[in-house]
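These notes are about the structure you will find just below.
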Amino acid sequence: MRHVSAEPPSFFRRGPSPLARLAFLSVVSFALLFADTRYRYLENVRRAVAAVLYPLQRAAQMPGEALEYVATYFSSQRALVEENETLRRRLADQAPAAQGFPLARQEIERLKALLTLRDRYSSGGTAVEVLYTGRDPFSQKVFVDKGGEAGILPGEAVIDAEGVVGQVTRVFPFMAEVTLIGDKDHAVPVKVLRSGMRSVLYGAGAGRLPELRFTAPTADIEVGDLLVTSGIDGTYPAGLSVAEVATIERDTGQMFARITAAPRAGVDRSSHLLVLRQAAAMPARPDEPVEAEAVKKGGRKGRRGG
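Note that the sequence shown covers residues 5 to 310 in my numbering.
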């Protein structure tokens, strides 16, 4: 078998050898590097080549920059969504406290006023909280969270920081019923603070203002006058604010004027009330002189019989 030579045919052997070419190009490269470093001959060439190649470089970088921009955009969007969700949850958690702060501050001020008011009376009072209103829509009654176990008795006055609210009418072991001054079966002896004129404020029922009945048309009373307790009923201490005169209708043809008054206090303004002890309102009534009357009657009968 004839051996095939690994050398290329003579037809393809042209020019210097690869080693000579490598040596020549190396020398040229070192020369160019030296010339450029020493004399800056290729600076303009480098600038021209950079200007020509810059669009190609930008075209090659654009896909990577676009991907980086898209990734950054979606990452920022996700971070914003998470931050907004966190802020919403925080706002929802803080909303009840923020909305309830004014109400809590008002309740604190009312409680402070009640404590100050209780200190005015030697026997003091009992602070209570309104639980719910009565079921009868035609009556104005509420139930409070303390009763006989707290020493509350029927007939005791109920007030708040603004004035008279009503009177305890029924007592249970752990709650009590309070009839408001606007109830149609309730009456409060009052007097006009400006003139001192005495009268009685009667409740007119749900949805209507209490009235000063049996008042002469010529009475010294004006719209805006403050009505306070007169203290003659033995339930309410004198000087408590009750209501403010709202309307006056004087008709000379009628025997009495029609006068309505708007209560100053009420459970619609405060859920915390103060029940005054009966001794704080007025000293106990003295006992009737039964024996003396019996002696007098017996003496009279003896005289008649004699």
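Note that beta-carbon positions come from the ideal geometry of N, C-alpha and C, so glycine has one too.
query: Tell me the DSSP bridge mates of R281?
result: BP columns for R281 are empty, so no partner.
message: For the structure I just gave you, are there three or more beta carbon pairs, one from the region 247–260 and one from the region 140–157, closer than 8 Å?
response: Verdict: no, contact absent.
query: A70 to S80, Cα distance in whole Å?
result: 15 Å
- request: State yes or no: is the C-beta of E111 nearer than 6 Å to some heavy atom of the ligand NAD?
  value: In the structure on display, the ligand NAD does not appear, and there are no ligands present to speak of.
- prompt: By how many angstroms is the C-alpha of V271 removed from the C-alpha of G186?
  reply: 11 Å
message: Relative to the C-alpha of V172, which candidate in G151, L60, L205, K188 has its C-alpha closest?
response: G151
query: Touching or not, the region 218–226 and the region 250–265, by the rule of three or more beta carbon pairs under 8 Å?
result: yes
field: Opening and closing residue of the beta strand (DSSP E) in which R25 lies
entry: First-last for R25: 22–43, but that is the alpha helix (DSSP H), not the beta strand (DSSP E).
query: How many angstroms separate the CA atom of M286 from the CA atom of S203?
result: Low confidence applies here, because M286 scores a pLDDT of 49, under 50, leaving its location unreliable and the question unanswered by this model.
Euclidean distance between Cα positions of P177 and I156: 9 Å
task: State the Cα-Cα distance for the pair I163 and L135, rounded to the nearest angstrom.
output: 16 Å
message: Considering only the alpha carbon of each residue, which of E166, A180, A131, G159 lies closest to V148?
response: A180
Spatial distance of G309 from D237 (CA atoms): Caution is warranted here: a pLDDT of 48 is assigned to G309, below 50, making its placement in the model unreliable, and no coordinate value can be reported.
query: In or out: T41 buried (at least 16 other Cβ within 10 Å) or exposed?
result: exposed
field: Sub-7 Å separation of T137 and A154 beta-carbons
entry: Against a cut-off of 7 Å, the Cβ pair of A154 and T137 comes out as no contact.
Identity of the residue in R217, P241, G200, G209 nearest L231 by Cα: Nearest C-alpha to L231: G200.
message: Once the 5 residues before and after Y206 are set aside, which same chain residues still bring their CB inside 7 Å of it?
response: A191, P214, E215, R217
task: Rounded to whole angstroms, what's the CA-CA distance from P67 to V85? Just pull it up for me.
output: The straight-line gap separating the alpha-carbon atoms of P67 and V85 is approximately 27 Å.
- prompt: What residues are listed by DSSP as bridge partners for S203?
  reply: For S203, the pairing in a beta bridge is given by DSSP as V194.
message: Let's see if you can read the secondary structure: which residues bound the beta strand (DSSP E) around Q171?
response: 168–175
message: Using only the alpha-carbon positions, how far apart do L197 and R174 sit?
response: 31 Å
- request: Return the CA-CA distance between A284 and P267, expressed in angstroms with no decimal places.
  value: Low confidence applies here, because A284 scores a pLDDT of 45, under 50, leaving its location unreliable and the question unanswered by this model.
Per DSSP, the bridge partner or partners of A265: V249
From T264, F260, A269, Q282, residue whose alpha carbon lies closest to that of T239: Q282
field: Simplified DSSP assignment, three categories, for V49
entry: helix
query: What is the DSSP secondary structure of E111, reduced to helix, strand or coil?
result: E111 falls in the helix class under three-state DSSP.
Distance CB(S234)-CB(V169) smaller than 7 Å: no
query: Helix or strand or just coil, what does DSSP make of L231?
result: strand
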